[in-house]
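So that you can map any letter, position 116 of the sequence shown is 324 in the numbering used here, and since no number is skipped, the others follow by simple counting.
Let me begin by presenting the structure, written as structure tokens, before commenting on it.
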Amino acid sequence: MEIRNAPDDVDLTDATLIVGMLSENEPAPGAEEAYANADPSLLDLAKFEGKMGQTLTLPHSEAKSVVFVGLGDEASYETIRSGMGNAVRVVKTERAVTNLDKIPVDGATRAVVEGAALGGYQFRVYKTEGEALSIETLELIECDETELGEALITTEATILARNWVNTPALDKAPEILAEGMREEAEAAGLTVEVWDQDRIVAEKLGALLGVAAGSDRPPRLVVIEYQPESAEAHLGLVGKGITFDSGGLSIKTAQYMEEMKDDMSGAAVVVAATTAIARLGLPVRVTTVVPLTDNAVGGKATRPGDVLRPVAGPTIEVLNTDAEGRLILADGLGVVRRYEPDLIIDVATLTGAAHVALGDKIAAVFGSDSEVASQVLAAASRAGEHFWELPLFKEYKKSIESDIADLKNISGGRYGGAITAALFLSSYVEDAKWAHLDIAGPARSRETAGEHVKGASGIGVRTLVELARAMAEPA
Ligand code: BES
Ligand code: ZN
Ligand code: ZN
Numbered sequence: 209m210e211i212r213n214a215p216d217d218v219d220l221t222d223a224t225l226i227v228g229m230l231s232e233n234e235p236a237p238g239a240e241e242a243y244a245n246a247d248p249s250l251l252d253l254a255k256f257e258g259k260m261g262q263t264l265t266l267p268h269s270e271a272k273s274v275v276f277v278g279l280g281d282e283a284s285y286e287t288i289r290s291g292m293g294n295a296v297r298v299v300k301t302e303r304a305v306t307n308l309d310k311i312p313v314d315g316a317t318r319a320v321v322e323g324a325a326l327g328g329y330q331f332r333v334y335k336t337e338g339e340a341l342s343i344e345t346l347e348l349i350e351c352d353e354t355e356l357g358e359a360l361i362t363t364e365a366t367i368l369a370r371n372w373v374n375t376p377a378l379d380k381a382p383e384i385l386a387e388g389m390r391e392e393a394e395a396a397g398l399t400v401e402v403w404d405q406d407r408i409v410a411e412k413l414g415a416l417l418g419v420a421a422g423s424d425r426p427p428r429l430v431v432i433e434y435q436p437e438s439a440e441a442h443l444g445l446v447g448k449g450i451t452f453d454s455g456g457l458s459i460k461t462a463q464y465m466e467e468m469k470d471d472m473s474g475a476a477v478v479v480a481a482t483t484a485i486a487r488l489g490l491p492v493r494v495t496t497v498v499p500l501t502d503n504a505v506g507g508k509a510t511r512p513g514d515v516l517r518p519v520a521g522p523t524i525e526v527l528n529t530d531a532e533g534r535l536i537l538a539d540g541l542g543v544v545r546r547y548e549p550d551l552i553i554d555v556a557t558l559t560g561a562a563h564v565a566l567g568d569k570i571a572a573v574f575g576s577d578s579e580v581a582s583q584v585l586a587a588a589s590r591a592g593e594h595f596w597e598l599p600l601f602k603e604y605k606k607s608i609e610s611d612i613a614d615l616k617n618i619s620g621g622r623y624g625g626a627i628t629a630a631l632f633l634s635s636y637v638e639d640a641k642w643a644h645l646d647i648a649g650p651a652r653s654r655e656t657a658g659e660h661v662k663g664a665s666g667i668g669v670r671t672l673v674e675l676a677r678a679m680a681e682p683a
């Protein structure tokens with residue numbers, strides 16, 4: 209969908225007008241004029257109440273039709289974004305127009321663009337039947353041009369991440385995905401290095417190699433650098449890139465394996481965010497590292513009880529091959545630390561426990577100190593993504609000490625698994641400023657509503673962009 213500023217003499221004749229409505233059928237502020245040319249009596253007849261999630265399409269005196277979209281009790285950044293997502297899916301014309309004049313909401317343009325672009329997202333690469341959405345162009349009357357430009361960049365990056373995650377594991381072997389990432393990063397003007405298996409062996413990334421051992425598809429490690437001249441701060445990003453998580457020899461049951469093509473969401477998110485940061489020209493240096501591998505069950509697979517040596521930091525006894533994310537992240541963190549960033553953020557679909565703790569819609573954040581966690585939470589709040597802080601509770605660290613190596617990759621107990629996984633990672637960042645984002649729950653949307661579309665969510669992309677923006681403009 210193309211989203212653009214409407215010309216002064218916008219032509220409504222063949223278009224759908226999108227009008228925000230509050231509950232009790234009040235036109236939302238700014239929507240009065242568009243509302244005036246519809247026939248409001250039909251709203252009552254149709255039992256339209258302006259509730260969030262509701263839409264109603266009616267004839268219009270000037271436009272081809274009007275879509276009334278419920279915003280619930282108030283027009284806010286969140287309700288406009290969500291309402292727009294619902295609206296674009298019911299528009300039946302190629303063009304739609306909406307008026308942002310007089311909407312008394314900060315970020316109204318961004319809300320409309322995010323709602324339309326993300327709510328109108330479809331992944332149709334493998335569909336031979338069924339129809340794409342009708343809407344092709346959305347024109348915005350009285351929008352904020354800067355906000356429009358920025359929101360187009362961040363939503364495009366979110367969609368890039370969604371596309372990578374939605375792609376079946378068959379079509380995203382590490383070498384293929386690495387080349388796709390190279391292509392996208394280079395197109396955004398970034399410097400890219402892709403390490404092949406020989407380089408990974410030469411660099412002694414023993415934990416990544418241990419996970420990759422069970423697969424016939426060789427691993428890759430992608431390093432992306434953004435080095436604007438004016439940068440003072442330096443952000444290091446690491447993303448979990450398991451291209452399929454079968455569990456390895458500690459194999460998953462069929463039900464838990466179903467969604468495991470998603471297990472490279474962290475990698476997709478950090479790479480997509482890096483392209484957006486570069487396109488926005490934010491004056492902050494970024495170094496992004498993504499280890500990519502399958503977690504498979506071939507004859508050479510790592511066995512429970514084997515010990516792996518990551519490039520730096522503690523040795524690891526692998527007691528459960530399904531706790532593989534923390535293994536490849538140990539190496540990813542080791543590599544990013546060589547670049548000495550001021551702040552490291554890793555993003556990973558790391559634990560079912562984070563999903564259990566916070567559900568489908570909230571991601572967990574752990575910070576090396578409370579200031580770092582607050583920084584991430586503030587960025588997430590500006591981005592309109594849901595994160596919640598969990599504690600790096602040091603007393604639990606004893607539970608991941610190994611009898612024969614420095615650490616083991618599971619705690620042995622059933623409880624607190626998101627925390628023990630985060631504590632494991634903390635051993636590989638030592639005293640660096642660092643936050644860990646466990647997106648295992650919300651990496652996938654389980655229903656289509658508002659700006660969410662069933663499938664990959666791209667959560668984290670916009671939070672990382674906001675974080676980079678804050679680092680570029682210290683208070
Ligand atoms: N990729 C999974 C975590 C996951 C679960 C992501 C559900 C998305 C949705 C991870 O590699 C895993 O299997 N973790 C295990 C760890 C356990 C063996 C300590 C888990 O969470 O069960
Ligand atoms: Zn696993
Ligand atoms: Zn995994």
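C-beta atoms are modelled at their ideal positions from N, C-alpha and C, and glycine is treated no differently.
Nothing here was measured: the structure is a model prediction, and the numbers come from that model.
For Y243, I'd like the list of residues in its chain whose CB is within less than 7 Å of its CB, leaving aside the five on either flank, ordered along the chain.
The count along the sequence shown starts at 1 and reaches residue 243 at position 35. For Y243, where only same-chain residues beyond five positions count, the Cβ hits under 7 Å are V227, P235.
May I ask you to check if the CB of N503 is nearer than 8 Å to at least one heavy atom of ligand 2?
If you number the sequence shown from 1, residue 503 lands on position 295. At least one heavy atom of ligand 2 is found less than 8 Å from the C-beta of N503.
In its own chain, which residues sit with a C-beta less than 8 Å from the C-beta of V580, not counting the 5 before and 5 after it?
Indexing the sequence shown from 1 puts residue 580 at position 372. Answer for V580: L551, K641, W642, A643, listed in chain order.
Residues surrounding ligand 4 [beta-carbon distance to nearest heavy atom under 5 Å]:
For the structure depicted, ligand 4 is absent and the ligand set comprises only ligand 1, ligand 2 and ligand 3.
Could you round the C-beta distance between G658 and G293 to whole angstroms and report it? I think they count as a contact, below 8 Å.
Position 450 of the sequence shown, counting from 1, holds the residue named residue 658. Position 85 of the sequence shown, counting from 1, holds the residue named residue 293. In this structure G658 touches G293 by the C-beta definition: roughly 4 Å separates them, less than 8 Å.
Reference A680, options S438, A520, G323, D471, closest by Cα
Within the sequence shown, numbered from 1, the residue matching residue 680 stands at position 472. Taking each of S438, A520, G323, D471 in turn and checking the Cα distance to A680, the smallest one comes out for S438.
Check for me: the beta strand (DSSP E) holding I553 runs from which residue to which?
Position 345 of the sequence shown, counting from 1, holds the residue named residue 553. First-last of the beta strand (DSSP E) with I553: 551-556.
When you compare the CB positions of V498 and V479, do they come within less than 9 Å of one another, or not?
Taking the sequence shown and counting its residues from 1, the one referred to as residue 498 is at position 290. Taking the sequence shown and counting its residues from 1, the one referred to as residue 479 is at position 271. The criterion of a C-beta distance shorter than 9 Å is satisfied by V498 and V479.
How big is the Cα-Cα spacing for E240 and D639?
Position 32 of the sequence shown, counted from the first residue, corresponds to residue 240. Position 431 of the sequence shown, counted from the first residue, corresponds to residue 639. Rounded to the nearest whole angstrom, the CA to CA distance from E240 to D639 is 56 Å.
Quick check on the burial criterion: 16 or more other C-beta atoms within 10 angstroms. Buried or exposed for V564?
Sequence index remark: in the sequence shown, residue 564 carries index 356 (1-based). Under this definition V564 is an exposed residue.
Have a look at T501 and V218 and give me their C-alpha separation to the nearest angstrom.
Numbered from 1 along the sequence shown, position 293 holds the residue referred to as residue 501. Numbered from 1 along the sequence shown, position 10 holds the residue referred to as residue 218. Taking the straight line joining both Cα atoms gives about 50 Å.
Quick check on Y636: buried or exposed, where buried means 16 or more other Cβ atoms within 10 Å of its Cβ?
The count along the sequence shown starts at 1 and reaches residue 636 at position 428. When all chains shown are included, Y636 counts as buried.
Among M260, V274, A369, nearest to L250 - alpha-carbon criterion
Translated into the one-based positions of the sequence shown, residue 250 becomes position 42. Looking at the Cα atoms, V274 is the closest of the given residues.
Taking 8 Å as the cut-off, does the CB of A365 come closer than this to any heavy atom belonging to ligand 2?
Within the sequence shown, the letter at position 157 stands for residue 365. The answer is no for A365.
At a threshold of 8 Å, does K300 count as lining ligand 2 (C-beta to nearest heavy atom)?
In the sequence shown, residue 300 corresponds to position 92, counting from 1. Result no, Cβ not under 8 Å from ligand 2.
Whole-angstrom distance between L457 and E391, CA atom to CA atom:
The residue labelled residue 391 in the question sits at position 183 within the sequence shown. The residue labelled residue 457 in the question sits at position 249 within the sequence shown. Taking the straight line joining both Cα atoms gives about 34 Å.
DSSP beta-bridge partners for E609?
Position 401 of the sequence shown, counting from 1, holds the residue named residue 609. Per the DSSP secondary-structure output, E609 pairs in a beta bridge with L615.
According to the neighbour-count rule (16 or more other Cβ atoms, all chains shown, within 10 Å of its Cβ), is K616 buried or exposed?
The count along the sequence shown starts at 1 and reaches residue 616 at position 408. Around the beta carbon of K616, 16 or more other beta carbons sit within 10 angstroms, so the residue counts as buried.
Can you tell me which of A626, V431, T399, A591 puts its alpha carbon nearest to the alpha carbon of K605?
On the sequence shown, position 397 is the one that residue 605 refers to. The shortest C-alpha separation from K605 is found at A626.
Whose C-alpha, out of A481, R318, A664, is nearest the C-alpha of K356?
Residue numbering aside, residue 356 sits at position 148 when the sequence shown is read from its first letter. Here residue 356 is Leu; the residue named in the question, Lys, does not match the sequence. Ranked by Cα distance from L356, the first of A481, R318, A664 is R318.
Cβ neighbours of N503 in the same chain (closer than 8 Å, five flanking residues each side left out)
By 1-based counting over the sequence shown, the position of residue 503 is 295. Result list for N503: V419, G422, S423, I450, F452, D453, S454, G455, G456, D471, T529, D530, E532, in chain order.
I'd like to know whether the C-beta atoms of R303 and A223 end up nearer to each other than 9 Å.
Position 95 of the sequence shown, counting from 1, holds the residue named residue 303. Position 15 of the sequence shown, counting from 1, holds the residue named residue 223. Going by C-beta atoms, R303 is nearer than 9 Å to A223.
Reducing DSSP to helix, strand and coil, say where L457 ends up.
Here residue 457 refers to the residue found at position 249 when the sequence shown is read from its first residue. In this structure, L457 counts as coil in the three-state DSSP scheme.
Quick one: Cα of A395 to Cα of T483, how far?
What you label residue 395 is simply residue 187 of the sequence shown in a count that begins at 1. What you label residue 483 is simply residue 275 of the sequence shown in a count that begins at 1. Using only the alpha carbons, I get a separation of about 8 Å.
Please check if any C-beta of chain B sits within less than 9 Å of the C-beta of V296.
Absent from the structure is chain B; it holds one protein chain and no more.
I'd like to know whether the C-beta atoms of Y434 and V494 end up nearer to each other than 9 Å.
Numbered from 1 along the sequence shown, position 226 holds the residue referred to as residue 434. Numbered from 1 along the sequence shown, position 286 holds the residue referred to as residue 494. For Y434 and V494, yes; Cβs fall inside 9 Å.
With respect to the beta strand (DSSP E) encompassing V229, which residues constitute its N-terminal and C-terminal limits?
Your numbering for residue 229 matches position 21 in the sequence shown. Checking the sequence, you will find Met at residue 229 rather than Val. M229: member of the beta strand (DSSP E) spanning 224-230, first to last residue.
State the start and end residues of the unbroken alpha helix (DSSP H) segment that holds L279.
If you number the sequence shown from 1, residue 279 lands on position 71. Careful: L279 lies outside any alpha helix (DSSP H) and carries neither H nor E.
Residues bridged to R297 [DSSP beta-bridge criterion]
For the purposes of this step, residue 297 is taken as residue 89 along the sequence shown, with counting starting at 1. Note: R297 sits in no beta bridge, so no partner.
Distance, Cα to Cα, A588 vs D514?
In the sequence shown, the residue the question calls residue 588 occupies position 380. In the sequence shown, the residue the question calls residue 514 occupies position 306. Straight through space, the alpha carbons of D514 and A588 are spaced by roughly 39 Å.
I'd like to confirm something about G649: is its beta-carbon nearer than 8 Å to some heavy atom of ligand 1, or not?
By 1-based counting over the sequence shown, the position of residue 649 is 441. For ligand 1, at least one heavy atom lies less than 8 Å from the Cβ of G649.
Residue range of the unbroken alpha helix (DSSP H) whose run includes G560
Residue numbering aside, residue 560 sits at position 352 when the sequence shown is read from its first letter. Run containing G560: 560-566, per the alpha helix (DSSP H) assignment.
Using a Cβ-Cβ cutoff of less than 6 Å, which residues in the same chain neighbour L264 once the five nearest sequence positions on both sides are dropped?
Here the question's residue 264 lines up with position 56 in the sequence shown. For L264, the CB contacts under 6 Å within the same chain, skipping 5 residues up- and downstream, are A254, F256, F276 in chain order.
For a test of the three-state rule: what should DSSP assign to G323, helix, strand or coil?
What you label residue 323 is simply residue 115 of the sequence shown in a count that begins at 1. Here G323 carries a helix assignment [DSSP, helix/strand/coil].
What residue range does the beta strand (DSSP E) around V400 cover?
Within the sequence shown, numbered from 1, the residue matching residue 400 stands at position 192. Counting along the chain, the beta strand (DSSP E) containing V400 begins and ends at 399-403.
Would a C-beta distance cut-off of 9 Å place L428 and I408 closer than the cut-off?
Translated into the one-based positions of the sequence shown, residue 428 becomes position 220. Translated into the one-based positions of the sequence shown, residue 408 becomes position 200. For clarity, residue 428 is Arg in the given sequence; the question names Leu instead. Annotated as proximal: R428 and I408, with beta-carbon spacing under 9 Å.
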